[in-house]
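Residue numbers (the numbering used here): 112 to 460.
Beta carbons: idealized from backbone N, C-alpha and C, even for Gly.
Below: one structure, written as structure tokens.
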Amino acid sequence: MKKILITGGAGFIGSHLVRLLVNKYPQYQIINLDKLTYAGNLTNLSDIEDRPNYTFVKADIADLGAIRTIFREQAVSDVIHLAAESHVDRSIEDPTAFVVTNVLGTVNLLISARDQWEGSGGHRFYHVSTDEVYGSLGEQGYFTETTAYDPRSPYSASKASSDHMARAFHHTYGLDILISNCSNNYGPNQFPEKLIPLIINNIIHERPLPVYGQGLNVRDWLWVGDHAAAIDLIFHRGKSGETYNIGGNAERKNIELVGLICDQMDRKLNRPQGTNRGLITYVTDRLGHDMRYAIDFSKLNKQLGWSPSLTLEEGMETTIDWYLANRDWLNKLTSGEYLQYYQKHYSNR
Ligand code: NAD
Ligand code: DAU
112 MKKILITGGA GFIGSHLVRL LVNKYPQYQI INLDKLTYAG NLTNLSDIED RPNYTFVKAD
172 IADLGAIRTI FREQAVSDVI HLAAESHVDR SIEDPTAFVV TNVLGTVNLL ISARDQWEGS
232 GGHRFYHVST DEVYGSLGEQ GYFTETTAYD PRSPYSASKA SSDHMARAFH HTYGLDILIS
292 NCSNNYGPNQ FPEKLIPLII NNIIHERPLP VYGQGLNVRD WLWVGDHAAA IDLIFHRGKS
352 GETYNIGGNA ERKNIELVGL ICDQMDRKLN RPQGTNRGLI TYVTDRLGHD MRYAIDFSKL
412 NKQLGWSPSL TLEEGMETTI DWYLANRDWL NKLTSGEYLQ YYQKHYSNR
């Protein structure tokens, strides 16, 4: 029986993946390993926490001893690794935390897998990564799987480093490694420090909507459920040692994206058209802010038949509806520790 260790399963993407796999594969045991940092929240999984094929283990991937013990005690057969410090702004303020979790933590998992699985076959280690490892694009072009790495923030440098480590364990020790590099995700349960839930929350409370610089940076947006579906597909059918790009085919300038949210929320909150756009406030830019990300996902499309299922406009309607219906979730996360971060981060901009 497969016993799949999913790291970071209490976070945004991880919780969608855990739910998908627990529901779709009752024959698998899904073990969710998470440190429960500010970004990890078990209420994200309250609907499946009692399922017989689901287990939660609280642990820090930076602790090699603890990780080795979990591999042994749980007889882990496969890994899908998502646990990470994931917010670019926080990496600019505290790079060390990103090296500890994203680099050291990934190496600890790779070492534990290598040693646990030595001499037996059929085990996969899937490392979930980001398109930010490829750097920043000008107005033209797309990241492909052969684009040279050029990480430019402490976050993307730490993720690039972990990608290299995963590949090194494939080439050196023959570990069955898979890597995917995905564009910006959005959807329910995303921590409200990230652009989309932050804007939705600020609109609810009629607070200023902070847009960095002139709002001209471009991101490619993907519905989180489509990312989880792609991971499921690659985990089961991807070729060992290969990398797959995942993207949403939905490039938008930040100011266009914020405008879309404003307009959809004017309608949903019965505010006169244009009201929310009046809250837009241009603030000091992010240091080293990458200008444009755009993903060529034709390899995944041609080889495994994956493509996004929702347009950005459709996904955004569903996303906004979820946050409006889950204001308690938002209020809980945006009070306390996060409130201090928010005030410090935006007060000088
Ligand atoms: P998130 O911040 O919402 O969740 C991260 C999870 O990891 C949290 O539950 C947290 O508690 C856990 N965690 C952090 N440090 C840990 C540690 N030391 N030990 C154990 N658990 C720890 O992140 P997310 O947005 O869901 O991203 C998940 C993964 O996907 C990350 O690896 C990220 O780099 C990658 N990714 C994210 C996006 C995106 O748009 N959010 C896009 C591409 C790739
Ligand atoms: O591309 C994939 C990456 O997408 C993931 O690897 C990261 O984990 C994820 O956080 C995300 O990184 P970004 O930096 O692109 O996401 P963020 O939501 O922080 O910002 C999106 C864009 O919006 C970016 O250009 C910065 C801008 N922004 C962000 C915030 C928080 C603003 O203009 N104002 C804000 O207040």
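Let me confirm a value: K146 is counted as buried when at least 16 other C-beta atoms fall within 10 Å, else exposed. Which label applies?
Sixteen is the threshold: when 16 or more other Cβ atoms of the shown chains lie within 10 Å of the Cβ of K146, as they do, the residue is buried.
Select from L215, I345, Q375 and I314 the residue whose C-alpha is nearest the C-alpha of L415.
Distances from the CA of L415 to each of L215, I345, Q375 and I314 were compared; the closest alpha carbon is that of I345.
Tell me the residue span of the beta strand (DSSP E) that contains L116.
K114 to T118 is the extent of the beta strand (DSSP E) around L116.
Taking all protein chains shown into account, decide if N381 is buried (16 or more other Cβ within 10 angstroms of its Cβ) or exposed.
N381 is exposed by the Cβ-count criterion.
Cα-Cα separation, G464 to T166
In the structure displayed, the chain extends from 112 to 460; residue 464 sits before or after that span and is not available.
Test item: CB-CB of E524 and P262 under 8 Å
In the structure displayed, the chain extends from 112 to 460; residue 524 sits before or after that span and is not available.
Complete runs of the alpha helix (DSSP H) confined to the stretch 184–211 [at least 4 residues]:
The qualifying runs are 199–204 and 206–209.
If you drop the 5 nearest sequence neighbours on each side, which residues of the same chain put their C-beta closer than 8 Å to that of K135?
Excluding sequence neighbours, K135 sits near D343.
Would you grab the beta carbon distance between L390 and L435 for me? Rounded to a whole angstrom, and I think it's under 8 Å.
Wrong, their Cβ atoms sit about 16 Å apart, outside the cutoff.
Hey, would you say the C-beta of I124 is under 7 Å away from at least one heavy atom of ligand 1?
True, at least one ligand heavy atom lies under 7 Å from that Cβ.
Is Y253 closer than 8 Å to D407 when the C-beta atoms are compared?
Against a cut-off of 8 Å, the Cβ pair of Y253 and D407 comes out as a contact.
Helix, strand or coil at W332 according to DSSP, with G and I counted as helix
DSSP places W332 within a strand segment (E or B) once states are collapsed to three.
Suppose contacts are defined by Cβ-Cβ distances below 8 Å. Is N213 in contact with E196 by that definition?
In this structure, N213 sits near E196, with a CB-CB distance shorter than 8 Å.
Compare the beta carbon distance of R363 and W332 with 8 Å and say whether it is the shorter of the two.
If you check the CB distance, R363 and W332 come in under 8 Å.
Supposed close pair F236, L286 - CB separation, criterion 8 Å
That pair is a contact at about 6 Å.
Endpoints, beta strand (DSSP E) assigned at H234:
In this chain, H234 is not harboured by any beta strand (DSSP E), its DSSP state being neither H nor E.
Inspect the beta-carbon positions of R403 and V199 and report whether they are closer than 8 Å.
With contacts defined as CB atoms closer than 8 Å, R403 and V199 fail to qualify as a contacting pair.
Best match in T180, V190, S267 and Y323 for proximity to P206 [C-alpha to C-alpha]
Here the closest residue by C-alpha is S267.
For ligand 2, is there a heavy atom less than 7 Å away from the beta-carbon of K464?
Because the chain is modelled from 112 through 460, residue 464 falls outside the range shown and cannot be assessed.
How about V369 and V329: are their beta carbons less than 8 Å apart?
With respect to V329, V369 sits apart: the two C-beta atoms are not nearer than 8 Å.
Within its chain, find whatever has a CB closer than 6 Å to the CB of T395; leave out the 5 residues flanking it on each side and keep chain order.
Apart from sequence neighbours up to five positions away, the residues of its chain that approach T395 with a beta-carbon distance below 6 Å are R460, ordered along the chain.
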